[in-house]
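Residues 1 to 979 (the UniProt record's numbering) are what the sequence shown spells out, left to right.
Even glycine gets a Cβ: it sits at the ideal position worked out from N, Cα and C.
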Amino acid sequence: MRQRRNAALATSLIAALIVVQQSLVFTGLGAIEAPRALVRTAEPAAAADGAAAPRAPREAGGAAEPPATGAGAGARARVASVAGDVFEPGVLLRAAAAVARPSASGRGGLEVVLLPVSLSYAHLGLNMLFNLQRLGYEHVLLLAPDERTCHNATALSPLPSRCVWDGRWARDAQLRERAHGWESLCQGGDCSSTAEPTASYRMWLSRWLANARLVSAGYDTLMLDVDVALLDDVLHFLTAPPLDRYTLLFHSESFGDPFGNVQCGLVYARASAPAGGATAAAVAGFALRALRFLDSAWEETALERARALKGTAAGAELLAQLERPLARGGPLFGQIGRPLPSAHDGGGSLRPPTAWANVRRRGYYFLFDQVHMVDAIQSQITGLATFRMARAYDADVNRHRGLDTAAFEMCDARADGTGSVAVIGEASARAYERACDDAPPPARARNVTTAPHSRAPAGGAPGAREPLTGHRVNDLYRRYLEARGFSPHWRRRSIRAELPDGWARRFALAPEHALIFESELKRGLPRDACDLPLEGGRPPLAAVREGSLAARLLAQLEEDAAAAPGRAAAPRTPTPAPTAGAPVERAAPASALPATSERASPAPVERVALIPTWLVSHWREGIKGGWGVDPPAAIAVHATNAVDKLLVLTAHGLFDRRAYAAAADSVHAAALVRAQRVPIVTYDPQLAAQAPLAAGGAHAGALARTRARAPLDFDSAHEWRAATLLGLAAAAVVSARVLAHAHVPCESAWLSHAQRAEGVAWTQSGCRTGLCADWKVVAVGYTSTDEAASRRAMRADPALATAAPRAQPLAAELPLTCDVHPNMAWPDGRVRWEYGSMCNGHAAFLDARQPFVGYALSAWDARAYAERVLGRDGRVEPGRNVAFASEAGERHAGRAPRGLLQVSERALRAELRRFRGQPIVYLGWPINVTDVAEGRGRLALRVRHFCARNFARERSAGVAELPWPRLDVPAEPPPDFGE
């Protein structure tokens with residue numbers, strides 16, 4: 001009861017922050033101590049965008065709305081509501097039925113969009129809800145880690161969504177017992193911790209458990225990550241030729257990917273056809289595999305405990321659990337694999353199945369869903385449970401870690417692809433030997449070879465001993481599968497003749513791009529194998545026994561399949577029109593359809609495919625420039641691989657700033673949602689003025705030396721750091737203002753221009769901007785007037801119009817504009833983590849007390865704040881709000897050196913004090929600070945910890961030992977700040 005009251009109190013406090021327009025700067029910002037006189041309420045920023053502000057969260061203690069019945073929109077409640085805990089019987093399927101709509105596939109059945117939400121990324125979750133609203137997608141089921149998150153999400157949701165939470169982590173004693181010790185799920189033994197990345201790993205397992213149940217029940221599902229943005233009616237594309245022949249679609253890791261390296265940010269499963277067992281088994285693959293890892297590790301430790309408790313009642317109870325019979329199959333999946341070797345060997349003594357699961361429990365990375373989903377899908381294709389991706393990923397991550405500092409693994413390869421692992425290092429060797437003490441001699445000999453403190457020479461020939469690496473694992477599995485008649489590659493199929501008119505033009509497709517990688521799924525669950533590479537003659541996972549976590553999941557899936565609410569026959573109704581305007585007709589011409597349409601005659605087989613990256617792309621492809629044009633050269637994008645997801649989405653107009661309401665205790669919400677006058681310091685935008693658009697396809701960098709260089713255009717990355725990360729941050733510290741980063745001139749010499757810019761002649765495999773080799777850079781806009789004109793013509797073509805307008809439309813003639821990830825500006829090391837990662841809200845390894853928005857504004861957000869909130873007060877006026885205006889004038893006129901303006905701390909404080917009443921102060925020239933007055937390096941230290949100290953207020957003991965950064969620009973970069 002006390003916990004409930006505390007949760008209700010905390011939620012009501014958050015509600016008060018969102019509802020009340022207060023004149024304050026939030027104490028959670030730490031370093032920002034703005035004078036109260038500067039913070040006053042203005043009109044809400046959301047009103048300036050033409051949309052209502054989100055509602056305030058209701059208290060967690062309030063009663064949940066009962067779910068509406070029926071699948072039609074008319075029977076659906078028009079407000080979001082909390083549906084309950086999926087651990088309770090019937091809750092998940094009732095919630096799905098309340099929001100589902102007729103499937104876009106046109107084959108009958110029902111469809112649901114599944115969206116996981118969390119505290120860490122609450123702002124990204126709300127942004128996705130606004131995105132879905134623009135598309136007219138109202139059939140959204142939210143999945144949260146707890147009840148409080150559910151209430152907050154539904155209170156802010158603009159859609160009539162339902163929210164369920166996964167209470168098993170608090171209520172399932174067996175799960176908590178078996179997950180204890182797994183750093184991926186229960187960091188430090190706490191299965192409810194909000195610390196990252198554990199909270200995300202736990203949510204990933206929860207989402208696959210929920211998705212597996214929905215698909216088993218016959219629902220077509222679109223499962224999304226919150227860092228995805230939908231740029232068009234994706235369900236139309238995924239259910240129309242050439243993709244309508246597939247029952248399972250993932251987006252891909254790379255442009256040409258024959259290995260099935262699936263990406264889990266956008267997953268579409270079509271299970272509404274009766275008896276869709278193969279697709280259901282594939283979707284359940286990761287969850288089932290993860291639970292089997294937990295069961296297997298528990299069996300190993302239980303066996304050791306049973307031996308220690310021999311002759312006691314507790315020991316007998318453990319042995320009874322270990323000797324339970326194998327779980328039985330059901331009509332959906334059939335037999336569970338094949339009968340596996342018993343836990344008894346030929347001599348009748350109990351032995352554990354393997355040591356691998358227990359060995360890797362301490363690795364937070366181990367239960368990464370994408371890694372295991374690659375293996376789960378490949379296993380469903382071959383019908384044989386394999387572990388290539390998990391073994392390869394694990395080998396690369398742990399090659400130099402192992403179980404102790406002296407441990408590493410060696411691989412003894414064989415010509416048929418099998419092999420054994422030798423663990424080198426005393427502690428790790430002893431651990432493996434303990435796990436295999438009772439194994440029969442042949443299995444023990446194949447499983448472990450020990451040679452403490454020795455290392456065999458590497459070799460490439462079969463039978464040679466060499467360090468176990470991801471490359472070696474892949475090679476072993478390739479030979480293993482080929483020796484058994486399986487291909488390690490997916491089939492490549494040309495879809496050129498099936499593409500609707502206009503696709504090649506909109507998506508910049510060359511003929512060689514019209515390919516898709518596909519494979520067929522086998523029905524039933526994959527069989528366990530005893531001869532896999534590296535596993536020593538036994539399956540890596542224990543058998544599925546009655547009463548185990550895995551057996552309970554399979555029983556639940558069979559129960560859901562028997563109910564099959566998602567397969568209810570329902571006539572297809574038109575998709576609701578996007579809220580931004582009339583629906584766009586995209587019916588493909590007859591000439592564009594296959595001769596025999598599978599829409600009319602569904603294939604009896606179930607297929608999986610990788611969605612081409614020119615339809616759904618992630619940042620590895622987005623860096624090539626296809627996201628920064630309009631209409632976009634993709635229907636959906638995923639900000640995975642982007643170090644600063646928020647910057648990438650914002651720069652491309654894909655983040656709706658109203659979503660900052662979910663991060664109520666942030667400067668972003670204060671400035672851009674509640675429209676408070678927050679004091680900010682930044683550089684004059686003209687200091688980074690981009691090269692103007694010119695005719696032809698030339699990259700802006702080619703024009704850089706034909707005009708006056710922008711003051712923030714530096715030859716050295718170190719100079720840029722001194723000006724923007726040190727000088728600008730020092731100005732923020734001494735004036736108690738929020739830091740707003742500046743754009744970077746795209747032609748700066750220190751940025752990589754290694755790739756040729758293709759501009760108007762760009763194709764998907766090329767580089768639009770010439771900056772595609774530099775992961776630090778986000779480039780948005782057009783490279784020439786010709787390219788801008790080409791896209792303008794596409795926007796006017798009804799056949800190419802998009803259904804989902806961007807959250808923030810791109811300027812029609814936007815010159816190429818660049819930004820740098822704050823936490824990519826430094827090389828790896830302490831400075832990167834302590835400054836950039838905290839300033840931009842990098843989530844990894846932080847304890848989530850609020851959404852990870854960060855403590856600095858991007859140049860795009862600063863521009864929006866100046867224009868939409870401040871209006872005239874936000875304009876650059878040298879006599880009113882520009883610091884060092886006279887010095888800047890001298891340099892613009894050529895009467896003073898062009899380089900950094902060197903100012904003392906005293907001069908900086910005095911200059912900024914003159915603008916105390918202004919909401920924005922613009923620095924008129926790039927500055928660097930010398931003659932620090934606060935004692936030896938104190939200001940420099942405060943700059944370095946400008947954002948880090950907001951996460952750890954008391955750092956006095958550790959801070960004194962850190963290397964002291966310098967604010968001046970030396971001839972040679974110091975080691976701590978080096979390239």
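Could you say which of the options lies nearest to residue i if we only look at CA atoms?
{"i": "Pro894", "options": "Pro632, Ala170, Ala796 and Pro711", "result": "Per the sequence shown, residue 894 should be read as Gly rather than Pro. Out of Pro632, Ala170, Ala796 and Pro711, Pro711 has the C-alpha closest to the C-alpha of Gly894."}
{"i": "Ala717", "options": "Ala730, Ala689, Glu747 and Val733", "result": "Glu747"}
{"i": "Val473", "options": "Ala395, Leu509 and Gly502", "result": "Ala395"}
{"i": "Ser494", "options": "Leu468, Tyr393, Ile611 and Ala542", "result": "Ile611"}
{"i": "Ala100", "options": "Gly90, Val91, Glu111 and Arg107", "result": "Glu111"}
{"i": "Val734", "options": "Ser548, Val681 and Ala689", "result": "Val681"}
{"i": "Ala564", "options": "His139, His668 and Tyr219", "result": "Tyr219"}
{"i": "Pro511", "options": "Pro822, Ser765, Ala812 and Tyr365", "result": "Ser765"}
{"i": "Gly84", "options": "Ser105, Ala104, Gly106 and Glu147", "result": "Glu147"}
{"i": "Ala229", "options": "Leu870, Ile635, Ala688 and Gly181", "result": "Ile635"}
Compute the minimum distance between the beta carbon of residue i and the heavy atoms of the ligand ATP, and state whether it is under 6 angstroms.
{"i": "Ala695", "result": "You won't find the ligand ATP in this model; it holds no ligand whatsoever."}
Going straight from the alpha carbon of residue i to that of residue j, what length do you get?
{"i": "Asp528", "j": "Phe333", "result": "15 angstroms"}
{"i": "Pro102", "j": "Thr239", "result": "13 angstroms"}
{"i": "Ser252", "j": "Leu266", "result": "10 angstroms"}
{"i": "Arg444", "j": "Ala302", "result": "Caution is warranted here: a pLDDT of 32 is assigned to Arg444, below 50, making its placement in the model unreliable, and the coordinate value is therefore given only provisionally. Between Arg444 and Ala302, the C-alpha separation is close to 20 angstroms."}
{"i": "Tyr137", "j": "Ala807", "result": "15 angstroms"}
{"i": "Ala675", "j": "Leu135", "result": "27 angstroms"}
{"i": "Glu518", "j": "Ala670", "result": "48 angstroms"}
{"i": "Cys163", "j": "Arg207", "result": "13 angstroms"}
{"i": "Arg245", "j": "Arg545", "result": "36 angstroms"}
{"i": "Arg492", "j": "Trp614", "result": "16 angstroms"}
{"i": "Cys186", "j": "Pro145", "result": "13 angstroms"}
{"i": "Phe259", "j": "His489", "result": "5 angstroms"}
{"i": "Gly311", "j": "Glu304", "result": "14 angstroms"}
{"i": "Leu509", "j": "Leu93", "result": "41 angstroms"}
{"i": "Ala859", "j": "Cys818", "result": "10 angstroms"}
{"i": "Asp656", "j": "Phe130", "result": "7 angstroms"}
{"i": "Pro526", "j": "Leu224", "result": "26 angstroms"}
{"i": "Arg914", "j": "Leu649", "result": "36 angstroms"}
{"i": "Gly61", "j": "Val79", "result": "A caution first: Gly61 carries a pLDDT of 32, below 50, which makes its placement in the model unreliable, though a value can still be read off. Cα-Cα distance, rounded: 18 angstroms."}
{"i": "Leu132", "j": "Ala664", "result": "22 angstroms"}
{"i": "Ser184", "j": "Asp190", "result": "11 angstroms"}
{"i": "Gln850", "j": "Leu119", "result": "7 angstroms"}
{"i": "Ala843", "j": "Ser157", "result": "Bear in mind that a pLDDT of 46 at Ala843, under 50, signals an unreliable position, so the number given afterwards is only what the model happens to contain. Their backbone Cα atoms lie some 23 angstroms apart in a straight line."}
{"i": "Leu751", "j": "Leu771", "result": "7 angstroms"}
{"i": "Gly566", "j": "Asp166", "result": "21 angstroms"}
{"i": "Ala543", "j": "Ala269", "result": "28 angstroms"}
I'd like the list of long-range same chain contacts for residue i, defined as Cβ closer than 7 angstroms, with 5 residues on each side in sequence excluded.
{"i": "Arg586", "result": "Note that Arg586 scores 40 on pLDDT, short of 50, meaning its location in the model is unreliable and no value can be drawn from it."}
{"i": "Ala390", "result": "Val371, His372 and Asp375"}
{"i": "Asp684", "result": "Val876, Val882, Tyr922, Leu923 and Gly924"}
{"i": "Thr386", "result": "Asp375, Gln378, Ser379, Tyr477 and Leu532"}
{"i": "Ala749", "result": "Asp715"}
{"i": "Ala210", "result": "Val86, Leu92, Leu114 and Leu143"}
At what residues does the alpha helix (DSSP H) containing residue i begin and finish?
{"i": "Ser904", "result": "Taken as a continuous stretch (DSSP letters only), Ser904 belongs to no alpha helix (DSSP H), being part of the beta strand (DSSP E) at Leu901 to Ser904."}
{"i": "Asp375", "result": "Asp369 to Thr382"}
{"i": "Pro878", "result": "Pro878 to Asn881"}
By Cβ distance, which residues of its chain are closer than 8 angstroms to residue i, with the 5 residues on each side in sequence left out?
{"i": "Arg506", "result": "Pro631, Ala633, Met794 and Leu800"}
Locate the beta strand (DSSP E) running through residue i, then write down its first and last residues.
{"i": "Thr817", "result": "Thr817 to Val820"}
{"i": "His652", "result": "Segment: none, His652 is in no beta strand (DSSP E) and carries neither H nor E."}
{"i": "residue 986", "result": "The structure shown has nothing for residue 986, since the chain only spans 1 to 979."}
{"i": "Asp501", "result": "That residue, Asp501, is in no beta strand (DSSP E); it is neither H nor E in DSSP."}
{"i": "Cys144", "result": "The question names Cys, but residue 144 in the sequence shown is Ala. First-last of the beta strand (DSSP E) with Ala144: Val140 to Ala144."}
Short of 6 angstroms in beta carbon distance, which residues of its chain neighbour residue i, apart from the five on each side in sequence? Order them along the chain.
{"i": "Leu857", "result": "Ala740"}
{"i": "Gly625", "result": "Arg768 and Thr769"}
{"i": "Pro576", "result": "For Pro576, the pLDDT reaches just 46, beneath the cut-off of 50, and the residue's location in the model is therefore unreliable, although a value from the coordinates is still provided. Excluding residues within five positions, the ones whose Cβ falls inside 6 angstroms are Gly136."}
{"i": "Trp762", "result": "Ala508 and Arg768"}
Task: Every unbroken alpha helix (DSSP H) inside the region 705-756 [4 residues or more] - done: 717-721 and 728-735
Open item on the list: If we require 3 or more residues per run, which beta strand (DSSP E) segments fall completely within the region 469-556?
Closed with: 491-494 and 515-521
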